[in-house]
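Numbering (the numbering used here), first residue to last: 253 to 462. Ideal Cβ placement from N, Cα and C applies to all residues, glycine included. Just so it is clear, the structure is predicted and the values come from calculations on it, not from any experiment.
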């Protein structure tokens, strides 16, 4: 079975002197229902160099090369900038996908990461936490969940908008050339996975980039 590498959120427990990686089991089930094996990617392979603010990323590249994933998922959770190790891990995952010509799906924060890597800015938004929206003004329609307080200021260069919410916020983007999509909703948080999401993700993961 083909493998999808999935980034993980970071949860900090200072009273225990622990920083833990975490991944919703339902996201693993969603990837499995798409016909792929989920492979959680550890954030701990990124180490900071003593002499400057750069990070050592060689180990993460070697780890990804050893498991040879067929697609990449950037998961939700954590605002960008709250854990630089995670930000760097996901940037390297996207760079790896670029080199290996792999499809990438960004979910919520993952869509924001794809957008910021393409030069887009984020803005704070209200009315998008623990609610639902109707997708409009695009190629994806239907109702979706919403669990974010940040939104895209504009569509990033090289992408086009696939859906907006009823209040005009960008809810889904797709790259004009590469097999990359971003969704601001969480497909794994639905009580029953939406066939629309499973079909889109499956088709994306199976895309062969030339």
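Inter-residue Cα distance where the pair is residue i and residue j
{"i": "residue 283", "j": "residue 456", "result": "12 Å"}
{"i": "residue 299", "j": "residue 308", "result": "5 Å"}
{"i": "residue 429", "j": "residue 266", "result": "43 Å"}
{"i": "residue 445", "j": "residue 454", "result": "13 Å"}
{"i": "residue 321", "j": "residue 338", "result": "19 Å"}
{"i": "residue 410", "j": "residue 276", "result": "30 Å"}
{"i": "residue 459", "j": "residue 335", "result": "31 Å"}
{"i": "residue 270", "j": "residue 350", "result": "32 Å"}
{"i": "residue 311", "j": "residue 348", "result": "12 Å"}
{"i": "residue 314", "j": "residue 382", "result": "38 Å"}
{"i": "residue 416", "j": "residue 352", "result": "31 Å"}
{"i": "residue 264", "j": "residue 360", "result": "20 Å"}
{"i": "residue 437", "j": "residue 319", "result": "28 Å"}
{"i": "residue 323", "j": "residue 414", "result": "21 Å"}
CB-CB length for residue i against residue j, believed under 8 Å
{"i": "residue 280", "j": "residue 294", "result": "Contact doesn't hold; Cβ gap of about 15 Å is too wide."}
{"i": "residue 418", "j": "residue 386", "result": "5 Å"}
{"i": "residue 258", "j": "residue 327", "result": "6 Å"}
{"i": "residue 433", "j": "residue 425", "result": "7 Å"}
{"i": "residue 362", "j": "residue 325", "result": "7 Å"}
Cβ of residue i within 8 Å of any chain D Cβ
{"i": "residue 439", "result": "Although the question refers to chain D, the structure presented lacks it and comprises just one protein chain."}
Residue i (DSSP reduced to helix, strand or coil)
{"i": "residue 274", "result": "strand"}
{"i": "residue 391", "result": "coil"}
{"i": "residue 365", "result": "helix"}
{"i": "residue 318", "result": "helix"}
{"i": "residue 283", "result": "helix"}
{"i": "residue 373", "result": "coil"}
{"i": "residue 268", "result": "helix"}
{"i": "residue 382", "result": "strand"}
Start and end residues, alpha helix (DSSP H) containing residue i
{"i": "residue 336", "result": "336 to 352"}
{"i": "residue 452", "result": "447 to 457"}
Where the beta strand (DSSP E) containing residue i begins and where it ends
{"i": "residue 435", "result": "432 to 435"}
{"i": "residue 264", "result": "261 to 265"}
{"i": "residue 418", "result": "Here residue 418 belongs to no beta strand (DSSP E), and DSSP marks it neither H nor E."}
{"i": "residue 326", "result": "323 to 326"}
{"i": "residue 403", "result": "402 to 404"}
{"i": "residue 293", "result": "No beta strand (DSSP E) holds residue 293; DSSP gives it neither H nor E."}
{"i": "residue 309", "result": "Looking at the DSSP string, residue 309 is not in any beta strand (DSSP E), and its letter there is neither H nor E."}
{"i": "residue 358", "result": "356 to 359"}
With 16 other Cβ atoms within 10 Å as the buried cut-off, status of residue i
{"i": "residue 268", "result": "exposed"}
{"i": "residue 333", "result": "exposed"}
{"i": "residue 398", "result": "buried"}
{"i": "residue 344", "result": "buried"}
{"i": "residue 412", "result": "exposed"}
{"i": "residue 405", "result": "exposed"}
{"i": "residue 452", "result": "buried"}
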